[in-house]
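Presented below is the structure to which this report refers.
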Amino acid sequence: MHLELIHAPRLSERTTLRLGGPALAEAVLRHEAELDQLAVMLPGLGGHPLALGAGSNLLAGDAPLPLVLVRPANANAPQVSQQGQSALVRVGAGFGLPRLIGLCQRLGLAGLEPLTGIPGRVGGAVAMNAGSYGCETGALLSRVRLWTPQSGLIWREAADCDFGYRHFNAKLGAGFSLVWEAEFRLAADAPAAIRARMEAAYAKKKAVQPVTAKSAGCVFKNPTSAAGTESAGKLLDQAGLRGKTLGGMGFSALHANFLVNLGHGTAAQALELLELGKSAVRARFGVELETEVVVLL
9 MHLELIHAPR LSERTTLRLG GPALAEAVLR HEAELDQLAV MLPGLGGHPL
59 ALGAGSNLLA GDAPLPLVLV RPANANAPQV SQQGQSALVR VGAGFGLPRL
109 IGLCQRLGLA GLEPLTGIPG RVGGAVAMNA GSYGCETGAL LSRVRLWTPQ
159 SGLIWREAAD CDFGYRHFNA KLGAGFSLVW EAEFRLAADA PAAIRARMEA
209 AYAKKKAVQP VTAKSAGCVF KNPTSAAGTE SAGKLLDQAG LRGKTLGGMG
259 FSALHANFLV NLGHGTAAQA LELLELGKSA VRARFGVELE TEVVVLL
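In my numbering, the protein residues as written are 9 to 305.
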């Protein structure tokens, strides 16, 4: 087995925002043995390695990027082991999150349904601690299997990792690490009840978010202060950014905290809109917005 190596892959073809110039290379990994090949190959490829799933939280620059994309494509069927009224579901990082949620629903395994409507892969959901409506990926994890060029594959108990708002730290030290597998602990429930909660979560999300648009998800984190957590979307809306466009990019008319590619947008336009949003909120409310989307330049 040999990993697939793609030269000069374009980020615009690998991100949900459909933006970004070419990277140096992309390594596509389907089997564990290919990780050993990657460890040997990485130093010679130059640039910085970047773990990439479905690219749903990235804003990549238009110019060539000094990156080597590392994409787990281990998407075999999850392994399920029953434990009384709960079950452990072990799944590869390359498995689609929506597909996993649907599979668990059919098996009568509950917990993931609030994440319905979030695009991407399992690896990305873990790495960003993806969450929605009070449910975060980290809270459902039993353990995570990670890979580093120095240590190879290693399991880490979820209790030994740090999870925060769109944050995951396995405490493996500095350097590149890759989520390879995740193991979720889910509760047994009736499939019909799980489906009802999935449908409710998706309907709620669709009513207020541009779920079918070319978007990277929320672009700013909800700011916190002594008064509590504020909605970045509400601040942007009140500052007049909802529906604001520049060229082929714009803040969604449905939810101001979603930047959308309206067609033939550029990263330069997206970055200018982000700065416009920050300055408008700062001027009106004295609040400094912090980007949630990962910006690659």
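For every residue, glycine included, the Cβ atom is placed at its ideal position computed from N, Cα and C.
Which one or two residues does DSSP pair with residue 237 in a beta bridge?
For the purposes of this step, residue 237 is identified with residue 229 of the sequence shown, where counting begins at 1. DSSP lists 232 as partners of residue 237.
For residue 163, count neighbouring C-beta atoms within 10 Å of its own C-beta (all shown protein chains included) and say buried if the count is 16 or more, exposed if not.
Here residue 163 refers to the residue found at position 155 when the sequence shown is read from its first residue. Under this definition residue 163 is an exposed residue.
Shortest alpha-carbon distance to residue 113 belongs to which of 71, 147, 230, 201?
Walking along the sequence shown from the start, residue 113 turns up at place 105. Out of 71, 147, 230, 201, 201 has the C-alpha closest to the C-alpha of residue 113.
Length of the line joining the Cα atoms of residue 247 and residue 289:
Along the sequence shown, read from residue 1 onward, the residue named residue 247 stands at position 239. Along the sequence shown, read from residue 1 onward, the residue named residue 289 stands at position 281. Each residue's Cα considered, the two are about 6 Å apart.
Please report the residue range of the alpha helix (DSSP H) in which residue 49 lies.
As a first step, residue 49 must be located in the sequence shown, where it is residue number 41. Here the alpha helix (DSSP H) through residue 49 covers 41-53.
Completely contained beta strand (DSSP E) runs for the segment 254-281, where each covers 3 or more residues:
257-259, 266-269
Looking only at its chain, what residues have a beta carbon closer than 7 Å to the beta carbon of residue 193, apart from the 5 residues adjacent to it on each side?
Along the sequence shown, read from residue 1 onward, the residue named residue 193 stands at position 185. These residues qualify, in order along the chain: 94, 96, 148, 150.
For residue 65, tell me which candidate among 49, 86, 28, 33 has the shortest Cα-Cα distance.
One-based indexing of the sequence shown puts residue 65 at position 57. The candidate whose alpha carbon is nearest that of residue 65 is 28.
What are the uninterrupted segments assigned as alpha helix (DSSP H) that are 4 or more residues long and contained completely in the segment 129-197, given in chain order?
130-135, 145-148
Contact check, residue 240 vs residue 231 under 8 Å by CB: the rounded distance?
One-based indexing of the sequence shown puts residue 240 at position 232. One-based indexing of the sequence shown puts residue 231 at position 223. The Cβ separation is near 6 Å, so the contact holds.
Secondary structure of residue 35, DSSP reduced to three states
For the purposes of this step, residue 35 is taken as residue 27 along the sequence shown, with counting starting at 1. Strand.
Leaving out five residues before and five after residue 43 in sequence, what residues of the same chain have Cβ atoms less than 6 Å from its Cβ?
Indexing the sequence shown from 1 puts residue 43 at position 35. Here the set comprises 155.
Inspect the CB distances between the segment 255-263 and the segment 36-56 and report whether three or more fall short of 8 Å.
no
Nearest to residue 122 by alpha carbon, out of 90, 197, 108, 205?
Position 114 of the sequence shown, counting from 1, holds the residue named residue 122. The residue with the shortest Cα to Cα distance from residue 122 is 205.
When burial is assigned at 16 or more other CB atoms within 10 Å of the CB, is residue 22 buried or exposed?
For the purposes of this step, residue 22 is taken as the residue at position 14 of the sequence shown. Residue 22 is buried by the Cβ-count criterion.
Could you check where the beta strand (DSSP E) with residue 95 kicks off and where it finishes?
By one-based count along the sequence shown, residue 95 stands at place 87. Where residue 95 is concerned, the enclosing beta strand (DSSP E) stretches over 94-100.
So, with DSSP's three-state summary, where would you put residue 225?
The residue you call residue 225 lines up with position 217 of the sequence shown. Strand, per DSSP.
On the DSSP letters alone, give me the boundaries of the alpha helix (DSSP H) that residue 71 sits inside.
Against the sequence shown, residue 71 aligns to sequence position 63. No alpha helix (DSSP H) contains residue 71, which DSSP labels as neither H nor E.
Would the beta-carbon of residue 177 be found less than 6 Å away from any heavy atom of the ligand MN?
Ligands displayed in this structure: none; no statement on the ligand MN is therefore possible.
Residue 2 lies in the beta strand (DSSP E); which residues open and close that run?
Nothing can be reported for residue 2, as the shown portion of the chain is limited to 9 through 305.
For residue 79, count neighbouring C-beta atoms within 10 Å of its own C-beta (all shown protein chains included) and say buried if the count is 16 or more, exposed if not.
One-based indexing of the sequence shown puts residue 79 at position 71. Answer is buried; the Cβ neighbour count reaches 16.
Counting pairs of Cβ atoms below 8 Å between the segment 9-21 and the segment 209-218, do you hit three or more?
no
Indicate the three-state DSSP secondary structure (helix, strand or coil) for residue 113 in the structure shown.
Here residue 113 corresponds to residue number 105 of the sequence shown, with the count starting at 1. Note: residue 113 maps to helix in three-state DSSP.
Beta-bridge partners of residue 299, as assigned by DSSP:
The sequence position of residue 299 within the sequence shown is 291, counting from 1. Per DSSP, 228.
Are three or more beta carbon pairs between the segment 123-131 and the segment 162-181 nearer than 8 Å?
no
Give me the residue from 157, 217, 279, 118 with the minimum Cα distance to residue 41.
Indexing the sequence shown from 1 puts residue 41 at position 33. Here the closest residue by C-alpha is 157.
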